[in-house]
Amino acid sequence: MQEQLPAALRALAELPPVPTSQGWDNAMFRLGPAHAVRLPVRQAAVPCLVHEQRWTATASAPLGALGIEAPVPVFAGRPGAGYPWPWLLTRWVEGEAVALLPVARRARLATDLARALSALHAPAPPDAPHNPYRGVPLAQRLRTVPVSWPATAAALGRGTAERLRGVVEDGVRAAPWSRPPVWLHGDPHPWNLVHRAGRLAGLIDFGDVCAGDPASDLAAAWLVLDAPQRAAFRAVAEGTGHCDADVWRRAAAWAALYVTALTAGPAEAAPDFGPVVAHVVRELGPAGAAR
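Taking the numbering used here, the leading residue of the sequence shown gets 4, the next gets one more, and so forth.
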């Protein structure tokens with residue numbers, strides 16, 4: 004790192020790296036009070052890191068006016084010194100993952116998150132990236148990655164799998180997004196949201212940032228919130244004039260697809276998505292999918 008960093012940043016290489024997290028794709032180390040290093044742990048993660056380096060600053064720009072931070076890239080590193088992949092130096096977002104905040108304490112965060120996503124969901128330029136797994140029509144997503152409902156039933160029980168399948172099928176029947184594509188975070192689950200004292204402080208991990216239908220981001224209403232909090236979230240989001248009943252039907256379907264994807268992931272993966280899955284299953288109960 005020291006050999007690659009420009010002179011203005013070289014002092015960072017003298018700081019002790021503090022491990023903060025390791026997910027399916029990247030390990031992260033904090034460097035001092037204001038920076039972090041993201042290191043892919045497998046080759047498959049490299050395209051997402053390069054993608055994040057290219058688009059995070061552009062897509063997250065509207066968040067600054069709200070005081071919401073993003074891990075904006077500062078320097079893109081190259082393979083070297085025995086490390087085989089590119090790496091990224093970013094700004095550090097101070098706070099704690101929302102996944103660690105009890106759901107009952109997320110009331111103020113609900114409106115913060117709605118404002119943040121509404122700001123981020125600005126019209127995207129023609130050259131904005133698209134993602135076959137996010138922001139696309141649900142029928143297309145299901146063709147790209149078919150759901151193994153028997154596997155979901157094995158993991159969660161037949162009744163739960165049937166309920167989730169019903170939510171997904173309802174989303175497919177909903178009217179599709181007919182407006183121009185908007186910017187999407189792409190993966191706004193509770194481990195990618197940062198809070199300070201119960202207020203939203205940042206959105207992190209823009210590896211799936213893309214343009215498309217905001218419904219896949221609005222799945223956060225079920226991934227993060229309970230029913231009363233979701234009502235507050237929806238009230239703010241609907242104030243933009245872009246969210247009708249069909250958007251919410253599609254968003255609930257995307258939340259159900261998060262569950263099927265997470266239950267199909269490696270059991271030993273970090274962070275622990277078990278509580279997230281259990282929460283979404285509860286929130287997509289007989290009444291929750293409509294609220």
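Beta carbons: idealized from backbone N, C-alpha and C, even for Gly.
For A39, there is no enclosing alpha helix (DSSP H); the enclosing beta strand (DSSP E) covers residues 38-43. When the Cα atoms are used, A16 and D220 turn out to be separated by approximately 36 Å. The three-state reading of DSSP puts R109 in coil, since its state is none of H, G, I, E or B. Of the residues assessed, Y261 falls on the buried side of the cut-off, its CB having 16 or more other CB atoms within 10 angstroms.
With fewer than 16 other Cβ atoms from the protein chains shown falling within 10 Å of its own Cβ, H133 counts as exposed.
For H198, the enclosing beta strand (DSSP E) starts and ends at 196-199.
Contact between L141 and R253 holds, since their C-beta atoms are separated by about 6 Å, short of 8 Å.
Shown here for A60: same chain residues with a beta carbon closer than 6 Å to its own, the five before and five after excluded, namely V75 in chain order. According to the DSSP assignment, G70 belongs to no beta strand (DSSP E), since it is labelled neither H nor E. Within the DSSP secondary-structure output, P22 pairs in a beta bridge with F32.
Exclusion of the five residues before and after S24 leaves A30, M31, A273, P274 as the residues of its chain whose Cβ lies within less than 8 Å of its Cβ.
Bridge pairing for L91: R41, A79 [DSSP].
Every unbroken stretch of the beta strand (DSSP E) spanning 3 or more residues and falling wholly within the stretch 201-237 is given here in chain order: 202-206, 213-215.
Under the 8 Å Cβ criterion, the stretch 225-243 counts as touching the stretch 107-122, having at least three qualifying pairs. Across the structure, T243 and S121 are spaced so that their CA atoms are roughly 7 Å apart. Between H38 and R81, the gap from beta carbon to beta carbon reaches 8 Å or more. Per DSSP, the continuous alpha helix (DSSP H) segment holding L159 begins and ends at 152-159. Residue state for Y261 is assigned as helix, using DSSP reduced to three classes. The criterion of a C-beta distance shorter than 8 Å is satisfied by H188 and V212. Taking every protein chain shown into account, the CB of P184 has 16 or more other CB atoms within 10 angstroms, so this residue is buried. Sequence-distant Cβ neighbours of H124 in its own chain, meaning closer than 8 Å and more than five residues away, are V185, W186, L187, P217, D220, T243, H245. Counting the other Cβ atoms within 10 Å of the Cβ of R137 gives 16 or more, which makes it buried. Nearest neighbour of A214 by Cα position, chosen from D173, L66, P135, R202, turns out to be P135.
Buried is the label assigned to R118, since at least 16 other Cβ atoms lie within 10 Å of its Cβ. Taking all protein chains shown into account, G268 has fewer than 16 neighbouring C-beta atoms within 10 Å of its C-beta and is therefore exposed. Here T155 is buried, its C-beta having at least 16 other C-beta atoms within 10 Å. Under the three-state reduction of DSSP output, A100 falls in the strand class.
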